[in-house]
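The sequence shown finishes on residue 270 if you use the numbering used here, and the numbering steps up by one all the way, no holes. Comments concern the structure below.
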Amino acid sequence: MSGSIGKFAIGALCLCLIPTEVFASDPKPDQPELEIRVLFDNTSARKDLNRSWGFSAVVDFGGHRVLFDSGSDPILLLEHLDKMQIDPNTIEHAVISHEHGDHLRGVYWVFEKNPNMKVHFLDCFPEEAFRRAKAVKMTPSRVKGPFQVVPGVYSTGIVEGLPSEQSLVIETSKGLVMIVGCSHPGLVKLVETAETQRKKESIRLLLGGFHMLRKTPEEIKATINRLEDLNVEAVIPAHCSGDLAKELFQLTYGNRYDTAGAGRLIVLDKGKFTVSTLPAKVAQDSE
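So, in structure tokens, the structure goes:
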């Protein structure tokens, strides 16, 4: 799939190499404004990366690096970090959306690689999550309300659900980019919360698990209609979204829709969004 909508360009395959490096406190002039790498997903966009149940992504913005969620398989997560040339020691913060193991499990292992990483759990996580953190000498913050993770990158704080979740919101020059973990509180509720907190009336790009595996076509269509009312401009469903939901989102959004999968790369550079996959051979040849 390839195409564009306004300045949101979609590319199914991009052979250009965007290097990963240790980020300083301020971005260099030649660095893209935003990069999001999908580390872990139910599908894979690269032949050298395995698919597995769960979700994780790395965000580079404003000279800072943030891990959002950490997948279900710690060994696979570390393997993907290595193959995507992301040094765990360059990750400053880890934000975990909710308590389920397919989003939480890998963070303990990443922390052991980088004990300077700041980790953010919801205050309502079960005590077992905090006991396990203590076992690896991690002291995660106990998130309640919305907060700034790094300049321009925000957590929604607790959004009530079964279980409750936090989402990540990035204020770019082209509008809000939002990453959701599994959308247990409801995708519409999460988007409404983000727009209200950031005092915005649109989401430029919505990425992550939409939690629609067991939804009926009518329920999915109602959600899509409401997201359009909320001015969600482009979507990349991942993880627990479900095949039917992906089909219906693609039908509605057309070339404002794209696929996720381990190895996908979302970039905002010079005012233009691109979605691409760095082929495994190119990645290996560059090492």
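Heads up, the beta-carbon is just placed ideally off N, CA and C, and yes, glycines get one too. A quick note: this is a predicted structure, and the numbers were derived from the prediction, not measured.
Item                                                                                                                                                               : Value
Near Gly144, which residues of its chain fall below 6 Å by C-beta distance, leaving aside the five closest residues on each side in sequence?                      : His167, Pro168
Ends of the alpha helix (DSSP H) at Arg209?                                                                                                                        : 200 to 212
For Phe94, which residues from the same chain have a beta carbon less than 7 Å from its beta carbon, with the 5 sequence-adjacent residues on both sides left out? : Met100, Val102, Val119, Met121
Count the CB pairs spanning the region 231 to 238 and the region 17 to 32 that are closer than 8 Å, and state whether there are at least three.                    : no
Using a Cβ-Cβ cutoff of less than 7 Å, which residues in the same chain neighbour His86 once the five nearest sequence positions on both sides are dropped?        : Gly37, Phe38, Asp52, Ser53, Ile79, Ser80, Gly164, Cys165
For Glu143, name the three-state secondary structure that DSSP assigns.                                                                                            : coil
Given a threshold of 16 other Cβ atoms within 10 Å of its Cβ, counted over all protein chains shown, does Leu173 qualify as buried or as exposed?                  : buried
How far does the alpha helix (DSSP H) with Val179 in it extend, from its first residue to its last?                                                                : Correcting the residue identity first, residue 179 is Thr in this sequence and not Val. Per DSSP, Thr179 belongs to the alpha helix (DSSP H) from 170 to 181.
By the DSSP assignment, the alpha helix (DSSP H) with Lys117 in it spans what residues?                                                                            : 110 to 118
Using beta carbons (cut-off 8 Å, strictly below), is Arg181 in contact with chain B?                                                                               : Absent from the structure is chain B; it holds one protein chain and no more.
Assuming the contact rule is C-beta atoms closer than 8 Å, Leu213 and Glu154 should be a hit. Round their C-beta distance to whole Å, please.                      : So it is not a contact: roughly 17 Å between Cβ atoms.
Compute the distance between the beta-carbons of Leu60 and Ala77, then report whether it is under 8 Å.                                                             : no
Could you give the DSSP three-state label for Glu18: helix, strand or coil?                                                                                        : strand
Cα-Cα, which of Val250, Ser156, Leu32, Asp106 is closest to Gln149?                                                                                                : Asp106
Going by the DSSP bridge assignment, what does Leu260 pair with across the sheet?                                                                                  : The question names Leu, but residue 260 is Thr in the sequence shown. DSSP, once it has assigned bridges, lists Arg247 as partnering Thr260.
When we look at the beta-carbon of Glu201 and count the other beta-carbons within 10 Å, is it buried (16 or more) or exposed?                                      : exposed
Pull up the distance between the alpha-carbon of Ala205 and that of Leu22, whole angstroms please.                                                                 : 30 Å
I need the straight-line Cα distance from Ser124 to Glu110, nearest angstrom please.                                                                               : 13 Å
Excluding the 5 residues flanking Leu251 on each side, which residues of the same chain have their C-beta closer than 7 Å to its C-beta?                           : Pro15, Glu16, Leu17, Thr155, Lys157
At 4 residues or longer, what runs of the alpha helix (DSSP H) sit wholly inside the region 73 to 114?                                                             : 84 to 87, 90 to 96
Between the Cα of Gly84 and those of Arg20, Pro146, Ala228, spot the shortest distance and give me the residue it belongs to.                                      : Pro146
Can you tell me whether Gly192 is buried or exposed? The criterion is at least 16 other CB atoms within 10 Å of its CB, across all chains shown.                   : buried
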